[in-house]
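Here the protein sequences line up with chains H and X, keeping their order.
286 is the number that my numbering gives to position 286 of the first sequence; each next residue is one higher, with no gaps.
Counting the second sequence from 1 gives a position; my numbering is that position plus 577.
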Amino acid sequence: MRWFLMNYKRLILGISIITVMCIQSIPVFATVSTEQKKPTILVAYQSANGKANSDTLLLEAIFAGISDQVQLSSVQQVTIETIKNIDVVVFVGEDRGNLPTDFLKAINNFKGHLIVFGKNAEQLPRFEKWQFFGTQSLRTLDGEPLSKLINIEYVKPPKGSEVLVEGANLNTKYPVIVKAGKTSFIAKSNFISDDNYILSRELFSLLDLQEPAKHLAYIRLEDISPISDPKLVKETGEYLAEKGIPFYMALIPVYVNSETGEQVQLKDSKKLVKVLQHLQSLGGMVIAHGYTHTYRHTETGEGFEFWDSINNQKISSISASDEPIKMKKRSDFSVEKAYQQYLGSIDEIEKKYIEDKMEHSIEKLTELKLYPISFEAPHYAMSSTGYDIIAKQFTSMFGQIQLSDDTWKRMAVPLMISKPSLLSGMTLYPETIGFIDPSSPDPLKDMEEQINKVQQVPGSVIGGFYHPYLGMEYLPEMVSLIEGVPNLEWLDLRKTKQIVQSENIMIHQEKNGDLNVVSHIKWTDKVKQRMEENPFEMVLWTLAIIVALFVIAFFIYVVSLRTKLRKRLFEERNLNG
Amino acid sequence: MANILFYIALFLIWIMLLYHMFLMQGGYLHFRTFERVIPEWEKKMVELPTVSVFIPAHNEEVVIGQTLQAMSRLHYPKEKLEVIVINDNSSDRTGEIARQFTEKHPFIRVIETEPPNKGKGKSSALNEALRKSSSDVIVVYDADNTPEKMSVWYLVMGLVNDPKAAAVVGKFRVINAAKTWLTRFINIETICFQWMAQGGRFKWFKVATIPGTNFAIRRSIVEELGGWDVKALAEDTELTIRVYNKGYHIRFFPKAITWEQEPETLNVWWKQRTRWARGNQYVVLKFLGQFFKLKRKSIIFDLFYFFFTYFLFFFGVILSNTLFIINLFYDLNLSIGNVALALWILAFLLFLAEVMITLSIEKAEMNRTNFFYVILMYFSYSQMWIVLVVYSLFLEMKRVLFKQEVKWYKTERFEQKDKGEKT
Chain H
1 MRWFLMNYKR LILGISIITV MCIQSIPVFA TVSTEQKKPT ILVAYQSANG KANSDTLLLE
61 AIFAGISDQV QLSSVQQVTI ETIKNIDVVV FVGEDRGNLP TDFLKAINNF KGHLIVFGKN
121 AEQLPRFEKW QFFGTQSLRT LDGEPLSKLI NIEYVKPPKG SEVLVEGANL NTKYPVIVKA
181 GKTSFIAKSN FISDDNYILS RELFSLLDLQ EPAKHLAYIR LEDISPISDP KLVKETGEYL
241 AEKGIPFYMA LIPVYVNSET GEQVQLKDSK KLVKVLQHLQ SLGGMVIAHG YTHTYRHTET
301 GEGFEFWDSI NNQKISSISA SDEPIKMKKR SDFSVEKAYQ QYLGSIDEIE KKYIEDKMEH
361 SIEKLTELKL YPISFEAPHY AMSSTGYDII AKQFTSMFGQ IQLSDDTWKR MAVPLMISKP
421 SLLSGMTLYP ETIGFIDPSS PDPLKDMEEQ INKVQQVPGS VIGGFYHPYL GMEYLPEMVS
481 LIEGVPNLEW LDLRKTKQIV QSENIMIHQE KNGDLNVVSH IKWTDKVKQR MEENPFEMVL
541 WTLAIIVALF VIAFFIYVVS LRTKLRKRLF EERNLNG
Chain X
578 MANILFYIAL FLIWIMLLYH MFLMQGGYLH FRTFERVIPE WEKKMVELPT VSVFIPAHNE
638 EVVIGQTLQA MSRLHYPKEK LEVIVINDNS SDRTGEIARQ FTEKHPFIRV IETEPPNKGK
698 GKSSALNEAL RKSSSDVIVV YDADNTPEKM SVWYLVMGLV NDPKAAAVVG KFRVINAAKT
758 WLTRFINIET ICFQWMAQGG RFKWFKVATI PGTNFAIRRS IVEELGGWDV KALAEDTELT
818 IRVYNKGYHI RFFPKAITWE QEPETLNVWW KQRTRWARGN QYVVLKFLGQ FFKLKRKSII
878 FDLFYFFFTY FLFFFGVILS NTLFIINLFY DLNLSIGNVA LALWILAFLL FLAEVMITLS
938 IEKAEMNRTN FFYVILMYFS YSQMWIVLVV YSLFLEMKRV LFKQEVKWYK TERFEQKDKG
998 EKT
């Protein structure tokens, strides 16, 4: 009987395991069967200095939205061997110059899709029949007038080619995006402006891929800092939660007053913390939006944190009291090696600064039971070194990407969820529709136009943000504008795998919605940190401990006095008989 | 702004509490050690100095009898002891009762104050007696005191064995402790004061204050100092400072014990304490001006302590209370967190522990009734002090501004049914 019972238990266990496995594997099969196989893409660039410039970086990011199998490399590195398993080669000709023979051989040998941007296409064997006439300028593109002239490579494609997009200067029309079977030519390589939409729209036909039907969307409640009004945060958050929208809260754990330098900690705004925890329980997801949203003395929410906006350069000083160093240029150095060494030393400062700040941010938020599952850079500004560091702490980020290490103004965004190589492995959830700007005469109209533009691109993300200090004034309209996009689905990071880690904390967001948090913050670290934040309070706690020890000692004296007294009385009684 | 004020208040209060904590530790150590020297000191009690016991009395008919009864039992060679009752302008039977004792006990005598010292208060009375006596040592008792048999002996023992001591002060206990709730509080308070302030300060700094009664002082020094300051309301504090300034110290020797009456009604208490508080404020202001001229660093410290007690500490307490009340009605956004609560609880526990130690030192004082009184005390009696200090500060300021003359208020006495000596 006993034997039977044990085996019976095992049997039940076995059955249930199998059942669970079946249930789990069904959706896996389903997704595989409906989705197309993602092509492997190589983005090969050719530039004078051998480095990818910002145009290339953006193109790489745009292609990364199509496939998660995208490599970026210089043409110098491309050989027959390296492109053996590649489905699509994207060539970006940044500067005029001779292409390496190995690359030409490899391309000659290559059977897959070849997409060429910009210069030097004439050197490629596949373009033998194309005629190139040098640079031309355009006044309109895709039927829309341009605010300023843009330069393109003037090409006459062979017969039978398909001109997908063309531009014009006065009455002359010029092809801009041309497809000839598996070979395509795009007459320019700069897509940092609105041209991005046109290119992204055409990508699917260029690669003979089926256009995705649905759009993902998100709303971020932006710049929530310790001085945010808890009432308004609650109102806006609850509204989104009630509508069943998985929403995001970009939190700044410390507010710095730019005038006094005084810091307000999130933990001190107890009402706000309660509201945020409550919203988190309703499905609001936390994004670590920097630590103070300031670099040196700028005001929280207004200032940049990971970019020196005053000098428009990378971070070059750690503490607020240190003056930032004005970055030297290559011309200040006689040898390249010295310059590189110098850049390296600045990088170290920048790395330490960013790493420390985000460590603090993650730990501060986690301490308050607000678990960040993604990152967003203040003003989206950050150098590539910064992205390297952040990628060690986060697996994804929100916003846009800064394409240059020399200016924050080269900012762009791929329209689909992607893992651009610039972000060192992080997934980017792109912000594409901006925010409600109350200073605009008609902020909702602005947003509507932007949404219309973005939704032209198949599979694009409709991502925007809203400042809770505006209260409910525009939020319902903003939500209905987004919900007006056909085939819309709200992005829910709780259904994705995310990892956030600092030295002492590990946050795992699992695809099944589970959130696992492991914290190894030692109490000594906590004390040390609090000491730095509020030295006076720590002095008071030290005082309290000393006093407590004395109180204990005093009570011991009382006990000892009483036992002695009892003895004394006893002895006296004996003496008195 | 509110934050800064709050921190200031916290700072002022806790400096005071920490100092008391430190004194308590000293007081406890003093209790554990002060008796150890006695066997050695007894050996020197061979050639004894002559002693005059001064008892200033102004309308003390209620208590003087029992006081002299206790004096007559003093253990000291009678040929070297005289007890002088200074009958200061009494309109009752004080002189008559005292004279009855002189008949039975030749070492007791009564003197009458004469102008200009007549009716001017305790300091003047003591100066009168100083003029009319010649012993080596002067011991002072208030007219309501019943010293234990050995008290004068121990006071003199201290002087004989400690040549640097100008004075030796003993311990006083409350004879009517169980009478009213007020005397219970006062009993607890005096026990605390003696072990913390007197014992603690003596242990750490060799500083004790002359309490106005139950102390012995060398005549040579009193004369060197020119007697008692007639303007001082708290002549004892004033004398203390001058003694230290001359380079001597005052020894606290709790082996010498006297029992004294404490006010049984709030009205009497209020008047007595107002005089003390004003007296001490007078002393602080008098010496604060010459702060840096004072020779002895330890007494500068002590003056500073008084300054803290009567000015800064109360300022801190009042400030903190005000902030607390304002905060009830209007959110001041005080940034301080749990630590304030922790400190508040600790302040209470510290108070409790300190009082319990001192009560435990005294036999039978650490009982259940007193335990509840101690807890009650923190919220009632201790708070009454705040009002009192503010009031006396007001009076003292008025006096300085309008150049009023000081009037000595004599503490009213109460008849004790149990007139026997207590041990």
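Even glycine gets a Cβ: it sits at the ideal position worked out from N, Cα and C.
These numbers come from a predicted model, not from an experiment.
What did DSSP end up calling residue 289(H) once you bin it into helix, strand or coil?
coil
Does the stretch 578 to 590 of chain X come close enough to the stretch 544 to 557 of chain H to have 3 or more Cβ pairs within less than 8 Å?
no
Measure from the C-beta of residue 59(H) to each C-beta in chain X and report whether the shortest distance is under 8 Å.
no
Am I right that residue 217(H) and residue 482(H) are in contact with their C-beta atoms under 8 Å? What's the rounded C-beta distance?
5 Å
Where does residue 68(H) fall in DSSP's three states?
coil
From residue 594(H) to residue 138(H), what distance separates their C-alpha atoms?
This structure does not reach residue 594(H), given that chain H is present from 1 up to 577, and the question cannot be answered.
If we ignore side chains and look at the alpha-carbon of each, how far apart do residue 923(X) and residue 551(H) end up?
8 Å
Residue 485(H): which of 332(H), 214(H), 205(H) sits nearest, CA to CA?
214(H)
Which residues, in order along the stretch 927 to 938 of chain X, keep a beta-carbon less than 9 Å from a beta-carbon of chain H?
927, 929, 930, 931, 933, 934, 936, 937, 938
So, helix, strand or coil for residue 635(X), using DSSP?
coil
With DSSP as the reference, identify every bridge partner of residue 516(H), one or two as the case may be.
508(H)
By Cβ distance, which residues of its chain are closer than 7 Å to residue 280(H), with the 5 residues on each side in sequence left out?
The beta carbon of residue 280(H) sits closer than 7 Å to the beta carbons of 286, 370 from its chain, once the five residues preceding and following it are set aside; these are given in chain order.
Can you tell me the Cα-Cα spacing of residue 66(H) and residue 210(H), whole angstroms?
Looking at the two C-alpha atoms, the distance is approximately 11 Å.
Figure out for me which residue from 675(X), 620(X), 621(X), 748(X) has the closest Cα to the Cα of residue 833(X).
For the residues 675(X), 620(X), 621(X), 748(X), the minimum Cα distance to residue 833(X) belongs to 748(X).
Just to confirm my understanding: we take residue 633(H), look at its own chain, exclude 5 residues before and 5 after, and list those with CB closer than 6 Å. What are they?
It is not possible to answer for residue 633(H), since the shown part of chain H is limited to 1 through 577.
Under 8 Å: do the stretch 686 to 704 of chain X and the stretch 725 to 745 of chain X share three or more Cβ pairs, one atom per stretch?
no
By alpha-carbon positions, which one of 116(H), 228(H), 184(H), 352(H) ends up nearest to residue 208(H)?
184(H)
Could you give the uninterrupted runs of the beta strand (DSSP E) lying entirely in the stretch 84 to 123 of chain H, keeping only those of 3 residues or more?
88 to 93, 113 to 118
Looking only at its chain, what residues have a beta carbon closer than 7 Å to the beta carbon of residue 347(H), apart from the 5 residues adjacent to it on each side?
385
I believe residue 93(H) touches residue 121(H) by the beta-carbon criterion, under 8 Å. Please report the beta-carbon distance rounded to the nearest angstrom.
7 Å
With a threshold of 16 other CB atoms inside 10 Å of the CB of residue 14(H), please say whether the residue is buried or exposed.
Low confidence applies here, because residue 14(H) scores a pLDDT of 46, under 50, leaving its location unreliable and the question unanswered by this model.
Using 10 angstroms around the beta-carbon of residue 979(X), count the other beta-carbons present and answer buried if the total reaches 16, otherwise exposed.
exposed
Using three-state DSSP, classify residue 482(H) as helix, strand or coil.
Residue state, collapsed to three classes: helix.
What is the residue span of the beta strand (DSSP E) that residue 523(H) lies within?
Run containing residue 523(H): none in the beta strand (DSSP E); it sits in the alpha helix (DSSP H), 523 to 533.
Keeping to the same chain, check which residues put their C-beta closer than 8 Å to that of residue 356(H); ignore five residues upstream and five downstream.
318
Roughly how many angstroms lie between the CA atoms of residue 561(H) and residue 930(X), to the nearest whole one?
12 Å
Do you know how far the Cα of residue 663(X) is from the Cα of residue 633(X)?
Cα to Cα, the separation comes out at about 5 Å.
Spatial neighbours of residue 34(H) within its chain, please: CB distance less than 8 Å, with the 5 preceding and 5 following residues excluded, ordered by chain position.
With a pLDDT of only 43 at residue 34(H), under the threshold of 50, the placement of this residue in the model should not be trusted, and no figure is reported.
Using a Cβ-Cβ cut-off of 8 Å, state whether residue 469(H) counts as contacting chain X.
no
Beta-carbon within less than 6 Å of residue 350(H)'s beta-carbon, same chain only, minus the 5 sequence neighbours each way: which residues are those?
314, 315, 385
Buried or exposed: residue 602(X), going by 16 or more other Cβ atoms within 10 Å of its Cβ?
buried
Give the secondary structure of residue 549(H) by DSSP, where H, G and I count as helix, E and B as strand, and everything else as coil.
Note: residue 549(H) maps to helix in three-state DSSP.
If you measure between the beta carbons of residue 504(H) and residue 519(H), is that distance less than 8 Å?
yes
Flag residue 598(X) as yes if its beta-carbon sits less than 8 Å from any beta-carbon of chain H, otherwise no.
yes
Identify the contact partners of residue 772(X) in chain H, using a Cβ-Cβ distance below 8 Å as the criterion.
What residue 772(X) touches in chain H: nothing, since even the nearest Cβ is about 11 Å away.
Would residue 746(X) pass as a contact of residue 876(X) if the rule is Cβ separation under 8 Å?
no
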